[in-house]
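Participant: My questions will all concern the structure given below.
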């Protein structure tokens, strides 16, 4: 208890911002304080912990080993304290807060419009920051406290990451209608022989589709890799490309593109779309409310019918 008398809560909040941002100016912006005030607080913290905490490295700054050891327990302690203070008093209409959420443009297309409308209606003072990352990066950002929530598919997550299912999905293939038989389906050998489009955030990343094919001794030729779901459908017209994606990606496919979607001629596993958060956020009442809101915004989602042709298709 004697050690606690040497430091106040504001200094701990400043310390957390400095460790998370690794930059005095960005920490000042995050805290809504002046840079000199944060620099003064950093000097106090260095004296208290008898450690530089942040050291100049190249053009930026890096955490010392002591600071790296402090970040995780400090984040957890502040989250627990915040939950304690908010317990029983959370009111979304009165809450002023910014949530940081990572999601692909697939999730943004499906969930974000409804989520934003609900936020404006129910919590007008809650802001939302959305970023895009691979699933590995999302999990790392959750662990480091850089984001509050991640939407995606997380088949393998660390034990300190909590996973909640939002809805189940399945894969559908899409192609230019003029390159398909009238029934809109392809035999397996033709489907495998055609060039394929893969949507991935990293050029060297694998996919559940190729993993499933490999277990059956099959292989497809991926001729184009890109990170954008919408652009992936737009490049199909006038080519012999095949795109195999989550079915709900195609819910609002423009009717004038002349595309047809159909079930792949090979068994592909269904998968569950999820939301994930670090366990340090679990007891945060505002975070709990946000997770419930995301769940509500995900419930109405329905998959499109397969083997449907766009208007104007032959």
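Numbering (the UniProt record's numbering), first residue to last: 1 to 314. Virtual Cβ for every residue (Gly too), placed ideally from N, Cα, C.
At which residues does the alpha helix (DSSP H) containing residue 121 begin and terminate?
Facilitator: Taken as a continuous stretch (DSSP letters only), the alpha helix (DSSP H) holding residue 121 covers 112-122.
Participant: Please return the same chain residues whose Cβ sits closer than 7 Å to the Cβ of residue 142, not counting the five positions on each side in sequence.
Facilitator: Hits under 7 Å: 150, 161, 276, 277, 278.
Participant: Examine the ligand NAP and report whether any of its heavy atoms sits within less than 7 Å of the Cβ of residue 64.
Facilitator: The model depicted lacks the ligand NAP and carries no ligand whatsoever.
Participant: Starting from the C-beta of residue 8, find all residues in its chain whose C-beta is less than 8 Å away, skip the five residues before and the five after it, and write them out in chain order.
Facilitator: Closer than 8 Å at the Cβ level, and outside the excluded window around residue 8, lies no residue.
Participant: Taking the alpha-carbon of residue 52 as reference, which of 35, 238, 28, 18 has the nearest alpha-carbon?
Facilitator: That would be 18, whose Cα lies nearest to the Cα of residue 52.
Participant: With a threshold of 8 Å, are at least 3 pairs of Cβ atoms found where one atom belongs to the stretch 259-266 and the other to the stretch 158-176?
Facilitator: Counting Cβ pairs under 8 Å, three or more are found: they touch.
Participant: Under DSSP, the beta strand (DSSP E) around residue 251 begins and ends at which residues?
Facilitator: Note, residue 251: premise wrong, no beta strand (DSSP E); not H, not E.
Participant: Are the Cβ atoms of residue 315 and residue 60 separated by less than 8 Å?
Facilitator: Lying before the first or after the last residue shown, residue 315 is absent from the chain, which here runs from 1 to 314.
Participant: By the DSSP assignment, the beta strand (DSSP E) with residue 316 in it spans what residues?
Facilitator: In the structure displayed, the chain extends from 1 to 314; residue 316 sits before or after that span and is not available.
Participant: Whole angstroms is fine: what's the gap from residue 288's alpha carbon to residue 188's?
Facilitator: Going from the Cα of residue 288 to the Cα of residue 188 covers about 45 Å.
Participant: With DSSP run on the structure shown, which of helix, strand or coil describes residue 220?
Facilitator: It is coil, neither helix nor strand.
Participant: Starting from residue 360 and walking both ways along the alpha helix (DSSP H), at which residues does that stretch end?
Facilitator: Summary: the structure shown does not reach residue 360, with the chain confined to residues 1 through 314, and so no result is reported for it.
Participant: Apart from the five residues just before and just after residue 267, which ones in its own chain have a Cβ nearer than 8 Å to its Cβ?
Facilitator: Closer than 8 Å at Cβ, skipping near neighbours: 212, 216.
Participant: Who are the Cβ neighbours of residue 240 in its own chain at under 6 Å, not counting the five residues just before and after it?
Facilitator: Excluding positions up to five away in sequence, the list reads 179, 194.
Participant: What's the call for residue 242, buried or exposed, on a 16-neighbour Cβ count within 10 Å?
Facilitator: Flag for residue 242 reads buried.
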